[in-house]
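Residue numbers (our numbering): 131 to 464. Note that the Cβ used here is the ideal one computed from N, Cα and C, for glycine as well. Small disclaimer: the values here were computed from a predicted structure and weren't measured. Everything below concerns the one structure shown next.
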Ligand code: UT7
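Take a look at the structure:
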């Protein structure tokens with residue numbers, strides 16, 4: 131017999147209540163990168179916008195960085211950790227298949243009533259997690275959700291590979307998502323094109339490394355031009371669709387916070403969306419490099435801290451990367 135079951139129902143709006151981030155203290159200059167690859171400070175700055183990046187200490191883990199960012203976001207939210215219903219941690223650099231990094235963070239921050247899980251959507255991971263967290267709250271499954279984007283990419287880059295060594299870096303950012311009378315997280319526009327899985331991949335699997343061997347420990351590889359082309363052509367459409375879905379126009383934005391992949395990609399998106407000069411544009415890549423799932427919350431925290439973007443303002447977020455996958459949404463800034 132088919133029985134109608136009770137389901138959670140709710141009509142609450144949601145918003146990002148707070149943000150917190152963590153930047154490892156060690157600054158790595160382009161000059162240092164160029165001791166390992168045939169490149170120059172000028173080339174790296176001109177082609178990517180990166181002046182310097184941060185690397186975590188050898189004994190500093192994804193979980194350590196995530197915990198610090200999470201504690202800062204929780205403190206700023208004024209909500210006690212026991213009230214969290216879920217911890218979603220977006221990362222591709224936690225070095226254990228199991229248990230998840232999210233479970234360790236949940237324990238360390240004292241989120242004793244929360245479920246937890248890791249989410250693997252590369253540089254789109256933060257935007258994916260924000261969308262899921264918002265729906266968990268909207269459906270009444272959770273009252274508060276912690277979202278963390280964190281990466282220690284310095285562990286997974288071949289520092290002698292000049293197509294990736296200068297780009298990727300380390301850091302963490304976190305937000306708390308909860309109910310709001312005024313809806314503050316627009317519908318997500320997201321997608322996936324697995325036919326381009328080789329555009330950003332690993333040199334080999336860990337099983338092959340164990341069984342077949344190889345000179346280089348499994349490391350990230352990237353077809354930079356392919357990803358660049360896809361990002362500038364397809365991401366402007368996704369970004370515009372997110373604005374349309376939220377029911378706003380580009381001139382109503384206070385800030386544009388795209389994944390910090392390359393300042394030239396950001397420039398192309400700003401042009402394609404015809405963003406007016408009144409919209410503050412995130413350029414955190416200049417001093418942080420590309421921190422994948424961490425780049426959007428890191429940039430958000432910096433823009434709010436500096437006053438570049440207003441608390442309570444409206445921001446367009448878009449993450450994109452390995453998969454290839456992407457996700458965009460408009461949010462009210464905490
Ligand atoms: O976060 C996930 C998503 N990732 C992205 O969105 C990254 C997208 N891609 C990019 O940001 C860019 O493709 C890169 C920054 C990675 C590379 O910039 P590019 O303008 O696409 O460089 P290119 O690969 O087209 O290479 C241009 C030239 C080539 O020389 P020739 O053939 O013109 O003589 C390369 O050999 O630059 C050379 N080159 C370098 N030169 C100095 C390539 N890498 C380097 C290097 N230093 N590190």
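Check                                                                                                                  : Outcome
Segment limits, beta strand (DSSP E) that includes residue 301                                                         : 300-310
Own chain, CB closer than 7 Å to residue 250, minus 5 neighbours either side, in chain order                           : 222
Assigned exposure category for residue 242 - 16 Cβ within 10 Å defines buried                                          : exposed
Three-pair Cβ contact test at 8 Å for the stretch 139-152 versus the stretch 258-267                                   : yes
Outcome for residue 226 when other beta-carbon atoms lying within 10 angstroms are tallied against a minimum of 16     : exposed
At least three beta-carbon pairs within less than 8 Å, the stretch 154-164 to the stretch 181-190                      : yes
Cβ distance (whole Å) where residue 365 is taken to contact residue 350 below 8 Å                                      : Not quite, the Cβ-Cβ distance comes to about 20 Å (not below 8 Å), so this is no contact.
Beta-ladder partner(s) of residue 332, from DSSP                                                                       : 350
heavy atom of ligand 1 below 7 Å from residue 330 C-beta                                                               : yes
Exposure label - residue 441; buried when at least 16 CB within 10 Å                                                   : exposed
Residue 148 CB to nearest heavy atom of ligand 1 below 7 Å                                                             : no
Beta-carbon proximity check, residue 287 vs residue 298, cutoff 8 Å                                                    : yes
Cβ contact (3+ pairs, closer than 8 Å) linking the stretch 363-377 and the stretch 318-334                             : yes
Where residue 358 sits in the DSSP three-state scheme                                                                  : helix
Per DSSP, cross-strand counterpart(s) of residue 462                                                                   : 444
Residue 431 (DSSP reduced to helix, strand or coil)                                                                    : helix
Inter-residue spacing [alpha-carbon to alpha-carbon] between residue 357 and residue 306                               : 31 Å
Check: residue 456 C-beta below 7 Å from any heavy atom of ligand 1                                                    : no
Entirely enclosed alpha helix (DSSP H) segments - the stretch 236-313, minimum 4 residues                              : 255-268
Within 8 Å, strictly: CB atoms of residue 482 and residue 152                                                          : Given that the chain is displayed from residue 131 to residue 464, the structure contains no residue 482 and the question cannot be resolved.
Spatial neighbours of residue 326 in its chain, beta-carbon cut-off 6 Å, leaving aside the 5 residues before and after : 454
C-beta atoms of residue 353 and residue 344 nearer than 8 Å                                                            : no
Ordered list of beta strand (DSSP E) runs contained in the stretch 362-414, each at least 3 residues                   : 385-388
Stretch pair the stretch 383-393 + the stretch 402-420: three plus CB contacts closer than 8 Å                         : yes
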